[in-house]
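Counted from 1, the sequence shown has number 80 at position 80 by our numbering; the numbering is strictly sequential.
Take a look at the structure set out below.
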Amino acid sequence: MKITVIGSGYVGLVTAACFADLGNQVLCAKKTSKNLDKLNQGISHIYEPGLDEILNRCLDKGTIEFTNDIKRAIDFSDLIFICVGTPQSETGKADLSQVEDVARQIAENMTDYKLIVEKSTVPVNTHQWVKKTVQRYSNGNIQFDVASNPEFLREGTGVYDFNNPDRIVVGVESENAHKIFQELYRPFTEKGDVLLITTPAAAELIKHASNSFLAMKISYINMVAELCEKVGIDVNMIADGIGYDQRIGRSFLNAGIGYGGSCFPKDVRAFIKIAEDHGLDFGLLRETEKINSQMRERFLEKVENVLWINKDKNITIWGLAFKPDTDDIREAPSIDIVRKLYETDANLRLYDPQAGENFQNLFPENENIRYCSDKYEALKDSDALLLITEWDEFKNADLNKVKNLMRLPIIIDGRNMFESEIMEGFEYYSVGRENTNQSEKP
Ligand code: UGA
């Protein structure tokens, strides 16, 4: 099929590349010419495992192209995916100006039938605004449908998630739109994947409800972790014990320093706001948010309890991205943690396999913040190692080497990357587990 994708962020790029890889003909439009040449050479501006290989494969086959000619992109196909950003506005609501802008451009440029699909995360009933906008700005005689097909892919595993969905949700209002999606997703339904056909409003709501539920699960286990620490029980044992119950499930029950990223924080806030706009107080989600920010504070408290005075101490931080396998630092816990530690005059040595460059835009190098290009280099004469993102590279680190490089063998692990038993010779502190050698404040 011929497909237009508008937007080339994480969702747009992975969607465009993966649809092209399935044999569709895809034209991906972006607003500016920034990175355009690189994309057309198969080099993506984001780090997403497997993506560059797919881009190159599709470019070789001629199934994908990138353009900043929006009119050409709209002419190109009947099926247009809107994958632009829906960031948080000052009020906590989603800022839908980019969605509106694309809807207007489609209206002003379309000359025949279009199926306009929202893939960006949008508040319930946004499709009605998209429909109204297209009606207002088009000449009124051209048929079109608006549908919602929310994306559930995770950064870092986006390509895998696209190809192995737990379910595909599609909200449609016409038989024609329904048929187009059946055709588009045939490769998935043929291998037994679930295609849930519903209304656009329900599809929009499913996305916010899913992300908020997952965020709630994380805050729940983080609160249980707090209790575990007090009573000396390993939170992983509890997560396993409850996770085997299929009604609960083990995933998203990893305790740590809380969720970050471009989705959960903003989507939880947007969902609270949507409920508020309908006269409902979603206290459960407000608590979810509160627990999430407390986790960062608790981590910093732990650092203070262990190190006492941070001033002039060498503190190494491994991991800046909001999760492993991405270079994304949006709302990453590392931001608050680095900011607070910086305020205490500690000497910070930072290392992340991919996100260092993005982080430098927020925290440029200075006499107290140094970026290292190697994880071991960052440890030399260190008084403490803080583990913030659970990259495999850290899990597989040579712990003897770590110990020998550091001035003091202190590790404060915000992601429970290691089992306490293998940490002999270290003062090792983690989350939701008994910290046997926890220093007490005098
Ligand atoms: C999330 C959803 O998982 C996707 O289904 C959705 O498509 C996406 O948002 C989106 O709306 O676009 P993403 O934010 O990329 O995906 O990453 P996640 O794997 O969900 O992780 C989010 C945060 O939760 C990370 O900071 C991660 O460290 C944290 N997390 C995750 C935990 O603290 N514990 C866990 O057990 C799982």
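Every residue, glycine too, gets a C-beta built ideally from N, C-alpha and C.
Predicted, not measured: the structure shown is a model, and the values here were computed from it.
Asked, Found
"Which of helix, strand or coil does DSSP assign to I274?", "helix"
"CB of C83 to nearest heavy atom of ligand 1: below 7 angstroms?", "no"
"So is I422 buried or exposed if we call it buried at 16+ other beta carbons inside 10 Å?", "exposed"
"Using only the alpha-carbon positions, how far apart do N347 and D336 sit?", "16 angstroms"
"Between E331 and G414, which are expected to be in contact by the criterion C-beta below 8 angstroms, what is the C-beta distance as a whole number of angstroms?", "Not confirmed; about 15 angstroms, so no contact."
"Determine the contact status of A17 and C58, defining contact as a CB-CB distance below 8 angstroms.", "yes"
"So what does DSSP say about W318, is it helix, strand or coil?", "strand"
"Using 8 angstroms as the Cβ pair cut-off and three pairs as the minimum, do the stretch 4 to 14 and the stretch 23 to 40 touch?", "yes"
"At a cut-off of 7 angstroms, would you count L253 as near ligand 1, judging by its Cβ distance to the nearest heavy atom?", "yes"
"Give the range of the beta strand (DSSP E) segment to which C372 is assigned.", "Element bounds for C372: n/a, residue is neither H nor E."
"Pick from I116, I317, P150 and E155: whose alpha carbon is nearest that of S174?", "I116"
"Buried or exposed for W318, please, with buried defined as at least 16 other CB atoms from any protein chain shown within 10 angstroms of its CB.", "buried"
"Restricting to Cα atoms, I'd like to know which of A397, A177 and Y220 is closest to L79.", "A177"
"For R349, list the residues DSSP reports as bridge partners.", "T316 and R370"
"Return helix, strand or coil for G171, following the three-state DSSP convention.", "strand"
"If I measure Cβ to Cβ from N35 and keep anything under 7 angstroms in the same chain, skipping five residues before and after, which residues do I get?", "H45"
"With a threshold of 7 angstroms, establish whether the CB of R154 neighbours any heavy atom of ligand 1.", "yes"
"If you count every other CB in all the chains shown that lies within 10 Å of the CB of E367, and 16 or more means buried, which is it?", "exposed"
"Can you give me the C-alpha to C-alpha distance between I6 and D281, rounded to a whole angstrom?", "35 angstroms"
"Looking at the secondary structure, which residues open and close the beta strand (DSSP E) in which Q360 lies?", "Careful: Q360 lies outside any beta strand (DSSP E), inside the alpha helix (DSSP H) at G356 to L362."
"Please classify T326: does DSSP put it in a helix, a strand, or coil?", "coil"
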